[in-house]
Every structure is written in structure tokens, then in C-alpha cells.
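Chains as they are written, first to last, in my numbering: chain S, 7 to 362; chain C, 7 to 362; chain Z, 7 to 362; chain R, 7 to 362.
There are 4 protein chains.
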Amino acid sequence: QNLRQYGIEIGVMETDSLNAITDVAGVKVGHRTIIKGDSIRTGVTAIRPHPGNIFQQKVPAAVYVGNGFGKLAGSTQIEELGNLETPIILTNTLSVPTAADALIDYTFQFRENRNVRSVNPVVGETNDGYLNDIRGRHVSKEHVLAAIKNAKSDSIKQGNVGAGTGTIAFGFKGGIGTASRKLPADMGGYTVGVLVQSNFGGVLQISGVPIGKELNKYYLSDRLNESPDGSCMIIVATDAPLAARNLERLAKRAVLGLAKTGGIASNGSGDYIIAFSTAKENRISHQSANRTQEKTILKNNALSPLFMAVNEATEEAIINSLFQAQTMSGRNGHTINELPVDSVLKLMGKYGRGSQ
Amino acid sequence: QNLRQYGIEIGVMETDSLNAITDVAGVKVGHRTIIKGDSIRTGVTAIRPHPGNIFQQKVPAAVYVGNGFGKLAGSTQIEELGNLETPIILTNTLSVPTAADALIDYTFQFRENRNVRSVNPVVGETNDGYLNDIRGRHVSKEHVLAAIKNAKSDSIKQGNVGAGTGTIAFGFKGGIGTASRKLPADMGGYTVGVLVQSNFGGVLQISGVPIGKELNKYYLSDRLNESPDGSCMIIVATDAPLAARNLERLAKRAVLGLAKTGGIASNGSGDYIIAFSTAKENRISHQSANRTQEKTILKNNALSPLFMAVNEATEEAIINSLFQAQTMSGRNGHTINELPVDSVLKLMGKYGRGSQ
Amino acid sequence: QNLRQYGIEIGVMETDSLNAITDVAGVKVGHRTIIKGDSIRTGVTAIRPHPGNIFQQKVPAAVYVGNGFGKLAGSTQIEELGNLETPIILTNTLSVPTAADALIDYTFQFRENRNVRSVNPVVGETNDGYLNDIRGRHVSKEHVLAAIKNAKSDSIKQGNVGAGTGTIAFGFKGGIGTASRKLPADMGGYTVGVLVQSNFGGVLQISGVPIGKELNKYYLSDRLNESPDGSCMIIVATDAPLAARNLERLAKRAVLGLAKTGGIASNGSGDYIIAFSTAKENRISHQSANRTQEKTILKNNALSPLFMAVNEATEEAIINSLFQAQTMSGRNGHTINELPVDSVLKLMGKYGRGSQ
Amino acid sequence: QNLRQYGIEIGVMETDSLNAITDVAGVKVGHRTIIKGDSIRTGVTAIRPHPGNIFQQKVPAAVYVGNGFGKLAGSTQIEELGNLETPIILTNTLSVPTAADALIDYTFQFRENRNVRSVNPVVGETNDGYLNDIRGRHVSKEHVLAAIKNAKSDSIKQGNVGAGTGTIAFGFKGGIGTASRKLPADMGGYTVGVLVQSNFGGVLQISGVPIGKELNKYYLSDRLNESPDGSCMIIVATDAPLAARNLERLAKRAVLGLAKTGGIASNGSGDYIIAFSTAKENRISHQSANRTQEKTILKNNALSPLFMAVNEATEEAIINSLFQAQTMSGRNGHTINELPVDSVLKLMGKYGRGSQ
């Protein structure tokens, strides 16, 4: 069940209709969950910035590296050129090469791309190796292509799905989470949507309530067992007309939302944010006769509401990933429990929150 | 009165003895507060990494730019060479040049520096122009030299002092704040100290309690009056033996603490973190016969407790700056109220915190 | 006399009419040379991106740090916001604070700026302390304001003028140099202009001819006397409609031109490039009613000719600074000889170049 | 035949004994050349920083992005942690995923790595799609493992081998090139070795002689045919005890050498430099009981000779790649001619160089 169905709110801004990254018009998300036998607990999540051929119609994009202990594919070209030319794939750490290869296959499937000889596949990851036989590299190119094909623009399955199938956050079962914010009309009415693959640690806070501390389950509470390592992949979409420079600034603000959940960006964390703008007028044609392009650009001083929006949506997406995930057993008999929602709700009540 | 005297705690780690940046051995802090007539409300705060001639014995250092709408002097040389060779001065935006010039004077005062012809003065700032006649540039070189001379290693005056004299945070009177954390002995027992000059906005949270929202005083609550702009200068000191690369990573984590106070790093914010290590064995002699230096370096995978320490200490230093500041009137009859501590404490109680 | 008057050409592209940064329409350059007594050999050079109030009509801009052993003021705000709001001042290392303060004065002189309380002064420097009594800080605010006032859009004095009065390059007298390139009409016909303050070392090459080696005057040829340290400030102007991201890429290419003169970007060098676009349609109004701005942006794949232009113009500007400088004596009886043009021309002839 | 055998020298410093990256003790290089039928012209080159298990004994490392239009795998983790934990693989653009996957296989082959669940494979590339059927992705994991296995510490095959099999530079056949420099004993006697995969354009210069211009084969000389796009991967090894921060500075100087060959770092270029130090005392154990490590670090002010060394060695390695490559025909009947050595030597003579 959803956080807001329990009466818990994050922040002060309005969500958009689905409270999901798919509130940004044109964005589609698809999952391919891979659960087999005792030890395969992994998967793939695909984010498509628009429904068309993204190689031919690239979108402005940026990457911000919160902490770079990770294997994100494709970052330097995004940074240099300021655009994204494939769907974004999330998967497990050791399946990044397979997913990157599958994105090349995907790109080559389009007839208009038949002469393309350079593709920049973008693949993020977190490490699900505690529950999943990650060394077995059980993700295939077919799984990746299926996730892209499955992508839809409506509400998104969260928790133990796709790339979140085997992930862990704050010692509980993590996974995929999403949320959105909509700016007031007189600030442009733009939507910011966030999707996370949560797999990190720290001292869990939910809407400011010290859940981790109350449950005595947090980094440094038990030094042997509670490594804060892991990672968080964060995808940010907006329909606001931002070019790469301001998308990078937007991406950077997602870290603020992560901080409010109690994440600490530990040494071993691979925390990356990829942000893109779907504004149609600013798409970048792969081929074009003109030397210049007319763009409509949001000014620097109109950005603060967007910064707050991504901050709030990231916080909520991470918390959603915890609320939606379920207890999972996997490799070597390991079990990771879901967030104990009843206890959490009681604590929320004790701390003056929610509908308790 | 101090936050902790009201029974409010931030985070899960222990503070060091003074709960101040001066808990890091050798660090000294000095203020020069400048209040004159109706409209001069500004000042200078100096942080000395060690009591000696810092030009001759530089310390490893790094800068992280949270948001670069600011005028920090000295950042590129710190980044390139990984060291700091002057005290750090904080003041108002338009007095950065004067303070930088004064740091050159200060450096030239040392006899051993008599042949020095290049100095990298490091000066941070926030804009106190709402309460202070900032265009008048009322800070003199003498003020700056006085702040350095005043520097002491014991407890630090907070709130409306030095560079915090005229600053504003979350719509309340801000100023100088400080806090510290000490790692458990079996994690090295290192100290991390933080000092902030708070002058920014967002949606105030104190230990997770939504104070800004409850007081209906937050960014977007009243779009005309509550600009989130402004800035936060954050100085981080540690005795852990970190070189520049890991000091930059440490600096970056201060932003997580800022986020937990409700800061949003708005477009107009100049949020800079300067971190340095006081570990004696790693100081960098300006002159030296040897080509190489033996260093003791903390390994990457021992950093996470330090990351959490700086996160918590930054959050607490910012909240301290609010608790310690007092209502101030200044330029054009402007008045900024202090945090209404009684109301805040009631709200803390309502949300299950503090000694209420 | 000019390089090209000796029949020496750099590169394969055409220069614009003045072969100077002032070929970019609207750009003005002014000098204030300060020579007094035996030991004052310094000055100020001002570059104005357009003739109007630049604070109110900012230009897109970027900074690239080749090597950051320098004291450039204003870099982080340019990087964050992508624009420049003051003229650029070049001077000596220890006069950066004075020049920054003068830029605040300059900005405040405009009636439209009467409510401005935040200014980002941009000041670059190199260290002229071998010939100049740099510790004396003989540059005053009046000198800086005079350089701005002197700025003209026609041909530029080079060599021992303004900020180049006391600088040294490759062991010879360096100084101010400038050059330009014009793209073919079918590539947009854009102009790229470069101005340098040369003060660095390495192994001098002129149009590929190993002058430094032939004259036995180069880094490592005589380890005691030929420090390669020093710095090069490089200002790049273009009328091509580039936003900050691509201006940074353009700035980065100036380093290639520096490399072709034999510069090595030594440890002690402060090599900074500031690039800005004068394209009127992309100026950024300080105040504006609209949230968005229509821009015309040159596409990534039209940039390579500009990259080559800045590369060639930087190489030529540095060589021009050497050809135009004259022997100078200064502090402590130090003398730095000018490039021995006759010997150089003979060597050029020996290596198949020039009109010999 | 070798450049120096023709009497042509680059720069002023001494080469080490092999004039190859393998002059750095412990470094090994292996090739796997893949030529099949009419259209497969590609391959793999592996660089091993030391002969042991590099995952268990990581080396300090850094990446510098000259221009990021490329698909380098592994960069963000190197930047964050400052180390390298796999051999470096070079191959073609679309085979990066395969090579990355093979590096995971390689790492898993070691018994001590049997519990490893996270590996950061480092793979660079350039695009050989003009001569090679790059869309066919003909590089297999076996090819990659063979290149690693083939790695030797003696002299290196250059030109059309390994990852250089199908590449093009300045319109001529490019490929693999290598060179080295040795510092004078009184500057530490360190070795710097460089290996390049040349595949880029511009205006070719050889030791300053304008070969491209003389042969009328350069960027902008014929706009339709001579795209400067393409890329250059540059690997820098040194036995000097540098940590990551100074390795990044060293890497950055390789671009200066590239510039001196006439490279322009065009928009479409993927120019990446990876630098590592082999100094045994600074290796980073994957597992270790101690929190701190004693290191010996070369000081900042001892770096300039290394900067000049990497500059010269890069220039020479690129020119070597051209001299060693041979005419190659491939995909679609395309033929790329080798550098016309006889004509080049004549031109070198005309311009006062070489033994002519």
C-alpha cells in the first residue's frame, strides 16, 4: 500500500496525478523481474524518455555523481554532449555490460538507424549480490529488450520488481520507488518525476521521524552487520525546458531528498542521478540540415521550485520503494525483511505523523 | 541557549567535548562583529587550521561547491594543489576583496614569509544585504586582522557574531553555528568539527520536525516574501589523516546535513564547503629539501563513519546558528526575528521530541 | 613588429581583419600600464564583452582551468550560472583583491544598478614578481577603472602593456598578445578572438620550429635558472551563439594552442581560460518578466571549426605577445630580454619558414 | 620502421630503453588482432599495470576526459576511489560491453577473488567503423581474454595491431603507438610510458613540421572528406609515486602532446586519458586489517618534469602509430593509406629535420 494511503505526506508541494515519473508526459517505464530457483533475484527496469526513436530525437540530459563507487555506463558522453540517445536501463552491477549490449541491439532495430555505427548506451546499477547470485550474471539481452518493450506510461509497479527485485535499503527490502511533484501554474506548472532503485544504508527517517533509530537498525548501531554500503540510482524526468547545464543542477538536488531519508552516501555507495527534459521544442535531431537550433530555455532564476520538487519527489520515491517492497529470500538462504509497516505506522503516530 | 540544553538531539553519534569545530585540536576561531548606527550589521569570522604559520606549514584541503552562486576566493588553487595556505575568512559578499587583501597582509607579517610573492587567500561569504548596508563595504582590513588575532581554541560564540551578524536563515535570524562529532575509538576516534555561516532558505526542519510548515513560514508558502536564496558557508575540520581527494568527498557530505535542516540549495544560493585535515604528519612544508613525503592516509573504506559525522555535525551547526541568534534590526528599518524558541519547543514536543 | 609582417603564419585558417580579440564585434580592450622608479613594472588590462551595462545584460560564459595554481576571482559563479556580469580584469597576482573591489565600484556607478547588492567580479592574474615589486601592491582601484575606461574596439597594444607589463614567457619578455580567426561563411562565418597574458615556460616553438631548443633556453636545459612556472591567462570571445556548456568546451581547446607554443602547464602555472559569447540574441537580462527565454544555439556538431579557430588564435596570440614585448629591467636590477627577433627569424629560415 | 631510426626526434628529454609503455617496470601489453574476410578489421589491446592479481592489489589511477564523445567504461569509480582494479582494455566502440563482461570473467578466474561480487571493468575505445564492420560486433570475450594472456613486458607491436587494427588518424592509417621518457636521476629518475590508440583528425604536424598542410590533407582542407572526428585513447603509466590527484594532473598533460601532433579534439572525438602509478609501496590492498596506510608521495612541486615527459611521450606515441601502420582495406572496399613515409621524410628534410 502507498505511503499516502496511510496518511503520510512528504514535503509541502503537490504530487502530480499518478505520483510517478510517468506523470511526465511521454515517459514510459517497463520492468522485467527475474526470480528463479533459490538464488536468482534480479531484474531490469527501463525508462524511456519518449515513445519515439530516441537515437534520432535525443533529449537534453545530465548526470550528477553523488558518490561514484558504481559502474554507470554512458556518463561521459552525456556530460560532454548534454544529451541522451538511448532508453535508460537499470539492472544489477555485473549485468551492466549485457544491458549496454542490448541497448545497442535495441538501437539497431530501428530502420532509420541502419547506418548508425556509434551508440552511447546508458545503464545504471546497484548491487543485489546479497540476495541474488550476481556472479552468475543471469540477466540476458532478451530480458533487457523485454523491459523496454514492457514500458508503459501509466502507474508503475514498485518494490520488488525489475531492477529492484533483489535490493536492500536501510537493512530492509528496498527496490523500485517513484513519485512526482507538480509546480503551481504561476510557476510554470511543470512536472518533475523521479524513479529510484534503492539499495543503500544510513539511519532511516520517514518524513523526519527517526524510524531507524527507534527500530535500532541503523549504521553504526551494530557495526558488524549493518554496512551502509550499496547504492541508489535516481532517474529524474521533467517537462520543464531545461538544457544540460540546469539539468545537472536539478540532478544534484536529488541528493538532498536522499539525505532526508537518512542516506549517508557511504564510501561504498554508487549514487548517480540522471536527469532529462522531455520538452519537445528542445529535442536534438541526430541529423539536421541547420547549424543552429531555436530553443526555449527556462531561466536560472526560475529553477528553485524545480529544485524543491526534485528534492521532495526523491525523498518520497525512496520511502515508497520501502513501503512497496516485500520480504524476500534468496541466495545462500539469506532473507531480508520488508519494512515492518505496522511498527512504522505506530512510530509515525508517536511522532505526530500520519493518520494514527 | 544551546539546542542540547533543551533536550534536543540531532543524529545518533556522540559530540566531542565542546560540540564545536574547536574540538579538533589546534583549530582556532575568531570573530569581529561590526554593528554601527542603523544600518551596519556585518562582520568577520576567521578559522585558523593550526596555530602556526600556515603558509609555511600548509594543510591538506578541499572545496566542494554545493551551489556556486557565490564569490568564494581561492577555490581553484585549493582544488589543484590540495592544500590551504591561509586562515579561512568568512564575511559578507562585497567584502571578499578586502578580506583577501588582508590575508595577504597577514601572510606578509611573518618573518619567514618575507620572500613570498604569491599567496592564495581563502575567503567565503554570504549576503547580509537585507539587514546590512552591504554596498557601503564597511569591513576593513583591520577588522579582518582583528578576527584572526581574536581566534581561540575554546568554545565559540554563535548566532549574531562575526560573519553571522547580519545573516538570515529560513526567514529567521541566522548566523554562526558550530557542532562536532567524535568517532568511536575502534573506528579511529577521530573528531569532525563544523562551523557554518547560515543565510539560506527552504522548509525548516529541526531533528525532522516540520517547524517551517507548522509556522507557515517556508519557501513557496508565500511566494512574494520568502525567497529561499542566500547561501551557506560550511567549514569542516578533522584530525583524521585525509588527503585532498577524500577531504573533497567529506566536504560533499556536509550538503546532506544541510538538506536535513530543510535547505534546498536554491538557484541563488552560494553553498560552499571547505574541508581540511589537521593531521600533523601530513602537513605540507612550503620549503623542503625532499622530493617525496611520507604520509599516513586513512583508507577509502574507513571513511563512512566520517561521512556520517560531518552530515550530523552540519545539521546541528545550522540548527545551533538559529537557536543562538537573536532578533536584529538594521538597514531601512528591516527587522528579522529570531527563531521563536518557545513555539519551536512546543512543536518539538507535539512531534515527540525534546524534554517537553 | 607583427609576426605576419615577417611572413610567419600560424595554422591554416584565416585571421579576421584586426587579428585581435576586438574583431569580435562589441568587444573592447583597455590597458593601464604602471611603470615607476626602479621596481614597479605592472598594470591592468580590461576586456569588456559589450559596450553596455554588462551587469544588466550578462553574456553566456564559461571558465576552464588548465592548471589551477592561480587566484582567478569569480570562477565558481560563472560555472554555476553560465554567465559573466562584469568586465574581465587581468592584473598581477597580489592585486586581484584590489581589482575585484574596483569592479564592484564600476558596477555601482551605473544608475540602473543602484539596488544591486551582489556582484561577481572576474579578475585573472599572473605573477610579475620577478620584475615588479609585487609585494608592494601598486595597483590601485583608479588604475583598474582607468583600464576599463580606456577600452577600445580597435587594434590592441601588445607586449609590455597593461597586465603584461612585467610578465615573462619562455625566459623572454612576455606580455599581452592577441589574435583572431574567422570561419568560412559556409560554416557560419563566426569570429573567434583571443587575448593572452603570457607568463609561463616550457620549450618554445614558433610555428613548429624549435626555437627554445636552438637557443638552448628551455625548461630542463638549465635546471637552476629556467623555472617553467608562471601562468597564462587566456580570454576567448566569439560571436557564435554558444551557451555555457559549449563555451567551456571552446575554452578547453585554447590549451591546445598553448601546447603548440611549447607550454607545458607546469605545476606552478595558473592557466585559466575564460570564454564568452557576444551573440546578442542570447544575452541574459538581469531583470525580466519572463520565465523562459528564446535562444538560438549552435549545435554540437557545428563546433569543430570553432575548436580549431581557438586553438590557432591562442597559439598566435602567445607568439605575438613575445614578438611585441621589449627588454625590460625592474626589481632588484633584474633584466629580462626580449625575444631575439633576428636570431629567431634566421632559425625560422633554417627550418623552412617565413620570408627568409 | 621507427621514427627515431629515420633520425627524427620529438622533444628534448631522453627515452627509456624500449621507448615504450613497457619501460615502466611491471607493465605488460597484449594484442589480439581480428582480421577476417573483407570487412572485419578490429581487435583488442590489453594493458596490465602489474603482473599480479590487480583486483587484490589495486593501483592508484585517474581519468582525464579530453573530450567525452566516447564510451569509456569504468571512469566514475576510478575518479571516486582513485584506483584501478582490472587491466585496461582497448577495443572498438561497440565492443565495449563485451570487453567489460570479459574483464569480469577474467577477475573471477582468480581463486582469491572467489567471493568478489563487484568489479569495475575499465574499457576504452575508438570507432573503427570505416574499415571495420563495427555493427557486427565481432570481438568476443575470448578475444579479450587472449589479449590479456598475450601481454608481455618487452617491446610492443605498433600500428595495425590489436585495438588499432582498423583505426585512422589524420586521414592516414593510425593504430597503436607507444613511447616513453626517463627523468634525469637528480629529478627522481622516474619513467613515464604512454600507449595510444590513434583514431582522430586535425592538421598533422610531425616534430613541428606541417605535414598535413604540405600534403594538403587536413581538417578544413576538403570539408566533405576530412572529418576530424574520431578519438584517441591514451594510457599513461609511471613508476613515480603519485596518488590519484596528481595522476589526474599528469593525465591532463597528455592532451598537450596530442595538440602538438595537430589534433584538435573535435566535437566528435572521444579523447580519454587513463593514468596509473605502479609504485609498489602505494598499492591498495583490496582486503586489509589496517585503517590507515603509509604512503610515499611525490610532492606537487616535483611534478613539472613528469608533465613534460608525458607531453613528449604522447606526441611521439601518436607519431609512432602513424609510422608503424600500414595501408589497410576493409569494409565496403574502403582503403586507408599509410603515411607516405618517403614524402614525409622529404618534407622533414625540407623543414630542417631528420637525417635527410
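Every residue, glycine too, gets a C-beta built ideally from N, C-alpha and C.
CB contact flag (residue i, residue j, <8 Å)
i             : j             : result
residue 221/S : residue 349/S : yes
residue 213/C : residue 359/C : yes
residue 31/R  : residue 284/R : yes
residue 309/C : residue 178/C : no
residue 146/R : residue 104/R : yes
residue 125/R : residue 92/R  : yes
residue 209/R : residue 354/R : no
residue 189/R : residue 247/R : no
residue 316/Z : residue 265/Z : no
residue 253/C : residue 282/C : yes
residue 169/C : residue 182/C : yes
residue 36/Z  : residue 176/Z : no
residue 226/R : residue 313/R : no
residue 241/R : residue 320/R : no
residue 98/R  : residue 156/R : no
residue 205/R : residue 75/R  : no
residue 236/R : residue 132/R : yes
residue 159/R : residue 34/R  : yes
residue 280/Z : residue 162/Z : no
residue 140/S : residue 100/S : yes
Own chain, CB closer than 6 Å to residue i, minus 5 neighbours either side, in chain order
i             : result
residue 250/R : 66, 68 and 88
residue 271/S : 72, 73 and 277
residue 191/R : none
residue 347/Z : none
residue 323/R : 183, 184, 185, 200 and 202
residue 356/C : none
Cross-strand partners of residue i (DSSP beta bridge)
i             : result
residue 131/S : 97/S
residue 203/C : 182/C and 239/C
residue 49/R  : 39/R
residue 304/R : 298/C
residue 335/C : 341/C
residue 187/Z : 198/Z
residue 275/Z : 236/Z
residue 215/R : 212/R
residue 281/C : 68/C and 242/C
residue 291/Z : 63/Z
residue 174/C : 179/C
Beta-carbon proximity list for residue i, same chain, < 7 Å, skipping 5 on both sides
i             : result
residue 289/Z : 63, 64 and 65
residue 40/C  : 46, 48, 49, 144, 145, 149 and 171
residue 110/Z : 125 and 127
residue 113/S : 61, 92, 119, 122 and 125
Cutoff 8 Å; reference residue i; Cβ partners in own chain excluding five residues on either side
i             : result
residue 59/Z  : 116, 118 and 119
residue 142/S : 45 and 46
Test: residue i CB closer than 8 Å to a CB of chain D
i            : result
residue 83/C : In summary, chain D is missing from the structure at hand, where the protein chains are S, C, Z and R.
- [ ] Could I get the ranges of all uninterrupted alpha helix (DSSP H) runs contained in the region 61-99 of chain S, with 4 residues as the minimum, in chain order?
- [x] For the region 61-99 of chain S, whole alpha helix (DSSP H) runs of length 4 or above, ordered along the chain, are 81-87.
TODO: Answer yes if the region 197-207 of chain R comes into contact with the region 75-87 of chain R, meaning at least three C-beta pairs across the two stretches below 8 Å, and no otherwise.
DONE: No, the region 75-87 of chain R does not touch the region 197-207 of chain R.
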